[in-house]
Each structure stands twice: as structure tokens, then as C-alpha cells.
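Chemist:
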Amino acid sequence: MDLLANLGVGFATALTPMNLFLAFTGCFVGTLVGVLPGVGPIATIAMLMPLTLKVDPTGALIMLAGIYYGAQYGGSTTAILLNIPGEVTAVVTAIDGHEMARKGEAGAALGIAALGSFFAGSVATLVIAALGAPLTRLALLFGPAEYFGLMVFGLGLAIVLARGSVLKAVIMVVLGLLLSTVGTDLETGQDRLTLGIGELSDGVDFAVLAMGVFGIAEILRNLENPEARNVAIAQIGRLLPTREQLRRSFGPILRATGIGSILGILPGNGAVLGPFASYAVEKKLAQDPSRFGRGAIEGVAGPEAANNAGAQTSFIPLLTLGIPPNAVMALMVGAMTIHGLIPGPQVMTKHPTLFWGMIASMWIGNLLLLIINLPLIGLWVRLLRVPYRLMFTTILLFCAIGIYSINNNPYDVYFTAFFGLAGYLFIKLGLEPAPMLLGFVLGKLMEEKLRQALALSEGSFMTFVERPVAATLLALAAAVMVIAVLPAVNRSRQKAFQE
Amino acid sequence: MKRLVLFVLACVFSPVGFGQAYPSRPVTIIVPFAAGGPTDIIARISGEYFSKALGQQFVVENVAGAGGTTGITRGAQSKPDGYTIMMGHMGTHGAAPALYANLKYDPARDFTPIGLVAGTPILIVARKDFPAANLKEFIAKVKDPAAKVKQAHAGVGSVSYTTCTLLTSQLGARSIVAAYRGTGPALNDLVGGQVDYMCDQIVNLVEQVKGGSIRAYAIATPARSPALPDVPTTKEAGLPGYQVSAWNALFAPQGLPKEIQGRLNDTLVRALDDEATRKRLLDLGSVIPDRAGRSPQALQKLVESEVARWTPILKAAQQ
Numbered sequence: 064m065d066l067l068a069n070l071g072v073g074f075a076t077a078l079t080p081m082n083l084f085l086a087f088t089g090c091f092v093g094t095l096v097g098v099l100p101g102v103g104p105i106a107t108i109a110m111l112m113p114l115t116l117k118v119d120p121t122g123a124l125i126m127l128a129g130i131y132y133g134a135q136y137g138g139s140t141t142a143i144l145l146n147i148p149g150e151v152t153a154v155v156t157a158i159d160g161h162e163m164a165r166k167g168e169a170g171a172a173l174g175i176a177a178l179g180s181f182f183a184g185s186v187a188t189l190v191i192a193a194l195g196a197p198l199t200r201l202a203l204l205f206g207p208a209e210y211f212g213l214m215v216f217g218l219g220l221a222i223v224l225a226r227g228s229v230l231k232a233v234i235m236v237v238l239g240l241l242l243s244t245v246g247t248d249l250e251t252g253q254d255r256l257t258l259g260i261g262e263l264s265d266g267v268d269f270a271v272l273a274m275g276v277f278g279i280a281e282i283l284r285n286l287e288n289p290e291a292r293n294v295a296i297a298q299i300g301r302l303l304p305t306r307e308q309l310r311r312s313f314g315p316i317l318r319a320t321g322i323g324s325i326l327g328i329l330p331g332n333g334a335v336l337g338p339f340a341s342y343a344v345e346k347k348l349a350q351d352p353s354r355f356g357r358g359a360i361e362g363v364a365g366p367e368a369a370n371n372a373g374a375q376t377s378f379i380p381l382l383t384l385g386i387p388p389n390a391v392m393a394l395m396v397g398a399m400t401i402h403g404l405i406p407g408p409q410v411m412t413k414h415p416t417l418f419w420g421m422i423a424s425m426w427i428g429n430l431l432l433l434i435i436n437l438p439l440i441g442l443w444v445r446l447l448r449v450p451y452r453l454m455f456t457t458i459l460l461f462c463a464i465g466i467y468s469i470n471n472n473p474y475d476v477y478f479t480a481f482f483g484l485a486g487y488l489f490i491k492l493g494l495e496p497a498p499m500l501l502g503f504v505l506g507k508l509m510e511e512k513l514r515q516a517l518a519l520s521e522g523s524f525m526t527f528v529e530r531p532v533a534a535t536l537l538a539l540a541a542a543v544m545v546i547a548v549l550p551a552v553n554r555s556r557q558k559a560f561q562e
Numbered sequence: 013m014k015r016l017v018l019f020v021l022a023c024v025f026s027p028v029g030f031g032q033a034y035p036s037r038p039v040t041i042i043v044p045f046a047a048g049g050p051t052d053i054i055a056r057i058s059g060e061y062f063s064k065a066l067g068q069q070f071v072v073e074n075v076a077g078a079g080g081t082t083g084i085t086r087g088a089q090s091k092p093d094g095y096t097i098m099m100g101h102m103g104t105h106g107a108a109p110a111l112y113a114n115l116k117y118d119p120a121r122d123f124t125p126i127g128l129v130a131g132t133p134i135l136i137v138a139r140k141d142f143p144a145a146n147l148k149e150f151i152a153k154v155k156d157p158a159a160k161v162k163q164a165h166a167g168v169g170s171v172s173y174t175t176c177t178l179l180t181s182q183l184g185a186r187s188i189v190a191a192y193r194g195t196g197p198a199l200n201d202l203v204g205g206q207v208d209y210m211c212d213q214i215v216n217l218v219e220q221v222k223g224g225s226i227r228a229y230a231i232a233t234p235a236r237s238p239a240l241p242d243v244p245t246t247k248e249a250g251l252p253g254y255q256v257s258a259w260n261a262l263f264a265p266q267g268l269p270k271e272i273q274g275r276l277n278d279t280l281v282r283a284l285d286d287e288a289t290r291k292r293l294l295d296l297g298s299v300i301p302d303r304a305g306r307s308p309q310a311l312q313k314l315v316e317s318e319v320a321r322w323t324p325i326l327k328a329a330q331q
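Heads up: the sequence lines are chains D and F, in that order. Just so you know, we're using our numbering here: the first sequence kicks off at 64 and counts up by one. Just so you know, we're using our numbering here: the second sequence kicks off at 13 and counts up by one.
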């Protein structure tokens, strides 16, 4: 009953005309800016934060949350249409989403992304309202050793993710891990693998790497073969998914909502694993896994739902503990603080209208996003009709602006160009960038957690065995890798025997 | 037509367009940290007052990286025309020379000081069930090698690293140290009880202390903070030598014209007397400098004394 009363307070706050207007503005502006290639949620919120300074804290947070969802959705749009993921979480969407767009089903891909996100967002809102506080206490049991186990588990997923040869996937994961070690050493402050380039002392930025190996490389590939591009855009496809596509997507969306919600609560940015985990699960469950990577709608529906569920539940550590789990939430902390409100365990009791109003506005934001985006899909898809010679120059320009705006650093633009060339080389060698990006993202966290765990255990590796949760996760990870690698090993053995 | 173009170009490129008073166009405040952190917030709050008082937008540009030294390097190399100023801080203008061997600026020589904006007090906090009732018992634990007390910090070069290094060096103790990327993850493990203690800026910790998910032993300022009136000062709690604050101050590149320096300092002094601005800074737990502490000369002295204080401590810790 408490829950209903609280949600009542929340909706009463969120549904005032002013707050509704702010939620709408946030979603709309967030989507518009987020659609620019390379401008993900972080850059968008940072750029638009001054807009919120003039309203009261509740309204400001509602608007910022709207910007966040909007930008996240906008990021999926560029991932699907242009193969440019603006955020870690959109990397997986790009794999099958862009294939769908190439097959002329861009409308359906965008549609299912919006519908899946809406469903997942609605469920996640309820999860936050009902279970936020108790789940946080559970998540706190995760120490460095447990996280390390989770990250190793994630690397197992990277191998499942691969389309072709397991060996190539492993190569790319390792490359990603190596790239993640570039930069200042966490404990000693010494530069590692920076080749004496000062701008690399903070490591390679995710957006720089992703935009290079996905976006720029994609443009190079298209320029090589302009006719293929024209064939792809001849057909837009229907804007809404067919009944068959909806049927296929239902199960993945349901499962992904669960996966994403749980991973999103983990305070160590577990949310990044959501889309990857969902994709891996669907690929394993599918009757015909070979469709994945060639435009399977399940590969868009699941990850997008997981992404949105995680985006939502990652508010839990922020709202209940006052600890931001990732960079976007850190920005939200900043925004709250500017409004004279320091996030923490007190917020829920001291400012109930703000807390519950924000939760209610999450659901409203998801609904608005659906309303805004379904009609806009036609517009986004029409973008593909723009002649490519105009389009690729515009994309390159916006990429450069987007990359520059992240750190206001011109070197990031040069690095993006470099990774673009590297990505083109990967395409030529038949190597996939997605496992590399997962390795890159996990590598940083994994090293950090490994070293913390070992520092706290004074160097004893037994900490990974003695702690039951960590040991279980590591055992699971080992099992996943064995399952992922075994069939491939068998197959290559068979081949060897045949020869 | 040609003349018009020339006129426009002249307006854009002349530092002070046709004798117009400074500022005649928007001013950039470089914040050397990501948006949302304590330094960023202080810059935005003061920037708002500057915009209103001087009739031109003061725009915050976040240039994060290498413990703030990337942004300050860029600021130091920009034109000293008053249109690029920067929010320096205890790390960039105190600890950096000891931490970064290739530092491209000298905190004491390459800047025109404008004035100290605000200090953020440092708290010593521990997990809520740490077996020490007060600072004295806490110190005894940290000093006892058998207790194996575990410290967390937010990365080499962060405020939490430098200030806790100062603490252990004053105590002559060595803790087990775990490094995190940022205050958030470190705080998370402190709340979860994975580590025992850390030091950090009050604004990052105040709500967790109030909510009882961590406990604060002392605040390293001469007076208690209105944000946490129950937390004793280090002097009261028996460690009077531990006085440290993460101060933030405005700097311009070396060679800023005297009148502009005066104009900016004058505006800063008024900003810190402005009721609305004061309240927002105090709500953060910040300490606002008194009149004497706001002058450029006082800031210059502060920078020199901070570099002298941090260099030996941090160099020794890295051995």
C-alpha cells in the first residue's frame, strides 16, 4: 500500500503541467542532440545542463532524466542507421540493427527498439519503486573480488558474441584488453603504453574508439562501394514491426528486462554488461543462431530492452546510496548538487515529492519517448535517402564535433581518425570490433577490481576462492567459456580429421 | 562592403574592441575536471554571478585529464587577455609538481592570480562499524600494524589520495591501500564495508555521514562545519597538525593586464559577499575566505606555501 501511496505522490508531482512540459522538452531535446553521431548521453547532458538551471530541483531532475533517456534512444538511432554507437550500451544494437537497416528494415529496427525500451522501462520503474532500497543492500555485498568474477564472466560473453571464428574473437578481446591498459597506472600514477603522448595519459576514450572502429570504418567501407549503399537505401521498409517480428521479439524483451534490471543495480557500472548478456542469451537460445549478426530482430529487441532497463535501475544506487554508478549518474549528482541538493540516503525521506516524482517521471518519460519517436522514425529513416556524398561528409563533421565536445580536446579527433583506419583494416581482415569494445570496457574495470581485491587481501589469490559469491561467478565464467569454445574446437578438429 | 567586413573582423580579433570596457565578449572559465564534480560546481556558481555582474556570459569549459593538469596547461598557454581564465585547485596548483614529472607549467610563476573562491573541508571517514569510537582510537588502530587497516582513495593525484597521504605521513603509519577510479566507487566499497577508511571533500560525503552509512571522525578545518555540526575539528579531536582543505581559486595566464586582474578580483570579492552566492557555496559545505584571503597576493602566497608543503610528502610516499 505504501508503494501505491508513494507512486500516487510521485505521479501527482510528475503530472503537473510544468513538470510534464519539462519531461517532454528533455526527451525531445535529448533525442535530437543524441541523434548526432558520437554525441551520447554524457556529452548531451553536459551540454544541456545549463538549460535546467532556471527551474526548481524536481523539474530540473525530471528534465535531465528526460535528456538522458532521449539521448540514449538517439544513440540507438545512430547505431542502427549509421553503425555508430555513441555509448557502450549501443554497441550490440549496432550489430544486428545496422544489418536490418542495410536490408531495408530500418523502420522495424527503430520501432522495436522504441517498443522494447518502453516495456523494459515500465517494468524497471516498478522495480525501482518496489525494491530499490532492499536491492541496494544486496548489491553492496559485491566487493572487488566479486566484481572481478563478474567481469571475467563478461569476457566469456564476448566470445559468445562473435559471429565467426572463436580464435578471431579471442584476438579481438585481447586487443581490447590491451588497449584498456593504456594510460596512467591506477596505483603508481606512472604512464603506461602512452608512447610519450601526453594526451594518452588518461587512456583511450570509449567514444573515440567506438566511433573510429564502427563509424569511420563503416564510412570508408561504404565509400569503397557506393552502389551497395544505394541498393540499401532504395527501400525504407515499414515503420512498424510486423506481427511476426513482434512475436519473435516478445521473449527476448521479457528476458532482457530481467537481465538489464539486475545488472543495472550493481553499483560498479554493471549496466554495461546488460545488452551484451542479453545478446549472448538470445543467441544461445535461438533455434538458428546463424541469423544473429545478419539482421535478427531479437538481436535488437533484447539488447535495447536490457539497455533501457539497466539505464533505469542504475538510478537506484544514486538515489538510495548517493553513489553514482557510472559517468552519466556522476553528472546527475553534479546537477543535483548545483541545485543545492546532495544525493544520498536522505533524499527519499527528506524530499519525498522529488524522489517519487522523479520515479514517476521515468515512466512518463518512457511513454513520451515512444510518442515522440514513433512518428519521428519516418524522419530518421528518410535521412538515409540523402545522397551519400552529402551524408558522409555531414556525418564526419558531426563525429568530429561530437568527439571534440566530450573532453574539448583536439587530440581525441586525431585518435578517432586513427581508429577509423584501424577499423577499416579489421573489416578487411574479417575481424569484428564488438568483442574488442567489450574487452576494452571490461578491461579497465577488471584490472581495477583485480588489483583492489589483491591489495585488500595483501596479495593472496585465495580471496577469489574463499569468498563464495566470487568463487561462484568465476566458476560460472569458466563454464561459459568452455561451452562457448567447445563446439568450435570440435568443429575444427573434425575439419582437421577430414583433411 | 569591404570596409564593413574589415570592421567586423577588427571587432572580432581585437582583444578589447575599440576601447570598450572589459569584458566585451563571453569569457571562458576552464574547469580542469569533468562536469559535476566539486570544482565544476563552484565554478558554475561563481560563473553565474560574474555573468550577471559583468554583463557577459562566463562559460564553463570542462577540460578534464591527468589530475586536472591537462586543462590548466591549456589555460596557462592561452592568451592573457582576460577571456580565458581557469579554476585552479589544491591539486593542480599545489600537489601537481610532485606528482607529474613532465608538468608543463609552474604553479607559482606561470599565472596571474585572481583570487581564492572557496575551500572545501576534508573529512576523515570510516565504515560505520569500524571499531573506534573517536579520532584518537582511530589513530591508534591506523598506527597498529597488526590491525591491518585498509584505506581507499580515488586515484593517485586525487584530493582523497593527497589528503590521506598527508594524514598517514603525519601519523608515521602505513595502511593497506586500495586505489579506485573516482570517489564514487571508493565510497561504495566504504559503505559496503570492503575497506576501512578514506579522506575526501565534505561535499562528497555529507549525506552518507548524515544518513549513518559511514561515520566521520574529524573535519580538518579550524572551525566545525554548519553542514555537519556534530563532527569535531581535528584540533578538538586531538590531531591539531592535520589542517587541509581542497581550495579552489581563479587564475589567468601570466601577463594579464593589471586593470583586468583588478576588475575580476573586485567582482570575485563582491560575489563572495552576495547573499545568494554565499548561501549556495555554504550549502555545499564550502568555507568562504575572509576579505584578506580574497586578494591576489594572498592567493600567490597560498600557492607557494602549498607547493612547498606537498612536494616532500608526496615524493616520499612514491618511494
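Each residue gets a CB set at the ideal place from its N, CA and C atoms; glycine is no exception. The structure displayed is predicted, hence computed values, not measured ones.
Give the DSSP-derived three-state secondary structure of Asp212 of chain F in the structure shown.
Modeler: strand
Chemist: Can you tell me whether DSSP reads Ser181 of chain F as helix, strand or coil?
Modeler: helix
Chemist: Where do the N-terminal and C-terminal ends of the beta strand (DSSP E) with Ser36 of chain F fall, by residue?
Modeler: Neither: Ser36 of chain F is in no beta strand (DSSP E) and is coded neither H nor E.
Chemist: For Ile260 of chain D versus Pro304 of chain D, is the C-beta spacing smaller than 8 Å?
Modeler: no
Chemist: Below 8 Å between beta carbons: does that hold for Gly89 of chain D and Gly133 of chain D?
Modeler: yes
Chemist: According to DSSP, is Pro92 of chain F helix, strand or coil?
Modeler: coil
Chemist: If the cut-off is 8 Å on Cβ atoms, which residues from the stretch 513 to 524 of chain D count as contacting chain F, listed in chain order?
Modeler: Using a CB distance below 8 Å, the part of the stretch 513 to 524 of chain D facing chain F consists of Arg514, Gln515, Ala518, Leu519 and Glu521, ordered along the chain.
Chemist: With DSSP collapsed to three states, give me the class of Leu431 of chain D.
Modeler: helix
Chemist: Taking C-beta pairs closer than 7 Å, name the residues in chain D that Arg56 of chain F reaches, listed in chain order.
Modeler: Ile401
Chemist: Gly121 of chain D by DSSP, collapsed to three states: which one?
Modeler: The amino acid occupying residue 121 of chain D in the given sequence is Thr; Gly does not appear at that position. Reduced to three states, the DSSP call for Thr121 of chain D is helix.
Chemist: Taking the C-alpha atoms as reference points, what is the distance between Gly217 of chain D and Ala540 of chain D?
Modeler: Pairing Gly217 of chain D with Ala540 of chain D, the inter-Cα distance amounts to about 8 Å.
Chemist: Measure the alpha-carbon distance for Ile108 of chain D versus Thr152 of chain D and round it to whole angstroms.
Modeler: In a straight line, the C-alpha of Ile108 of chain D is about 17 Å away from that of Thr152 of chain D.
Chemist: Any beta carbon of chain F sitting closer than 8 Å to that of Val396 of chain D?
Modeler: Yes, because at least one Cβ of chain F sits closer than 8 Å to the Cβ of Val396 of chain D.
Chemist: Got a sec, what are the start and stop residues for the beta strand (DSSP E) Ile226 of chain F sits in?
Modeler: Ile226 to Ile231
Chemist: Do you know how far the Cα of Ile422 of chain D is from the Cα of Ala192 of chain D?
Modeler: One Cα belongs to Ala192 of chain D, the other to Ile422 of chain D, and the distance between them is close to 7 Å.
Chemist: Which two residues bound the contiguous beta strand (DSSP E) that contains Ala75 of chain D?
Modeler: Segment Asp65 to Ala77 is the alpha helix (DSSP H) holding Ala75 of chain D; no beta strand (DSSP E) there.
Chemist: Cβ closer than 9 Å: which chain C residues qualify as neighbours of Asp265 of chain D?
Modeler: Chain labels in this structure do not include chain C; the protein chains are D and F.
Chemist: Classify Asp159 of chain D as buried or exposed, calling it buried when 16 or more other Cβ atoms lie within 10 Å of its own Cβ.
Modeler: buried
Chemist: Taking only three categories from DSSP, how would you classify Phe211 of chain D?
Modeler: helix
Chemist: Please report how far the alpha carbon of Leu336 of chain D lies from the alpha carbon of Pro308 of chain F, in whole angstroms.
Modeler: 50 Å
Chemist: May I have the straight-line CA-CA distance separating Phe481 of chain D from Arg290 of chain F, to the nearest angstrom?
Modeler: 47 Å
Chemist: Note down, in chain order, every chain D residue with its Cβ under 8 Å from the Cβ of Val207 of chain F.
Modeler: Leu519
Chemist: Helix, strand or coil for Ile53 of chain F, going by three-state DSSP, please let me know.
Modeler: helix
Chemist: Taking contact to mean 3 or more Cβ pairs, one atom from each stretch, closer than 8 Å, check whether the stretch 471 to 485 of chain D and the stretch 201 to 209 of chain D are in contact.
Modeler: In short, these stretches do not touch, since the Cβ pair count stays below three.
Chemist: Give the interface partners of Gly385 of chain D over in chain F, defined as CB-CB distance under 7 Å, in chain order.
Modeler: Taking the beta carbon of Gly385 of chain D as reference, the chain F residues within 7 Å of it are Glu219 and Gln220, listed in sequence order.
Chemist: Does any C-beta atom of chain D lie closer than 8 Å to the C-beta of Glu149 of chain F?
Modeler: no
Chemist: Spatial neighbours of Val281 of chain F within its chain, please: C-beta separation below 6 Å, excluding the five flanking residues on both sides.
Modeler: Arg306
Chemist: Taking only beta carbons into account, state which residues of the stretch 182 to 204 of chain F come closer than 8 Å to chain D, listed in chain order.
Modeler: Within the stretch 182 to 204 of chain F, the residues whose Cβ lies closer than 8 Å to some Cβ of chain D are Ile188, Val189, Ala190, Ala191, Tyr192, Arg193, Gly194, Gly196, Pro197, Leu199, Asn200, Asp201, Val203 and Gly204, listed in chain order.
Chemist: Any residues in the stretch 57 to 68 of chain F with a beta carbon nearer than 9 Å to a beta carbon of chain D? Which ones, in chain order?
Modeler: For the stretch 57 to 68 of chain F, which is checked against every Cβ of chain D, the residues closer than 9 Å are Ile57 and Glu60.
Chemist: Using a Cβ-Cβ cutoff of 9 Å, what residues of the stretch 180 to 206 of chain D are near chain F? List them in chain order.
Modeler: Ala202, Leu203, Leu204, Phe205 and Gly206
Chemist: Let's see if you can read the secondary structure: which residues bound the alpha helix (DSSP H) around Gln309 of chain F?
Modeler: Pro308 to Gln330
Chemist: For Val154 of chain F, tell me which candidate among F:Gly169, F:Leu135, F:Leu179 and F:Ala130 has the shortest Cα-Cα distance.
Modeler: F:Leu179
Chemist: Looking at Val363 of chain D and Ala176 of chain D, is the spacing between their C-beta atoms short of 8 Å?
Modeler: yes
Chemist: For Glu162 of chain D, would you say it is in contact with chain F, using Cβ-to-Cβ distances shorter than 8 Å as the test?
Modeler: no
Chemist: What first and last residue would you give for the beta strand (DSSP E) that runs through Glu73 of chain F?
Modeler: Phe70 to Asn74
Chemist: Does the stretch 255 to 273 of chain F come within contact of the stretch 167 to 185 of chain F, defined as at least 3 CB pairs closer than 8 Å?
Modeler: yes
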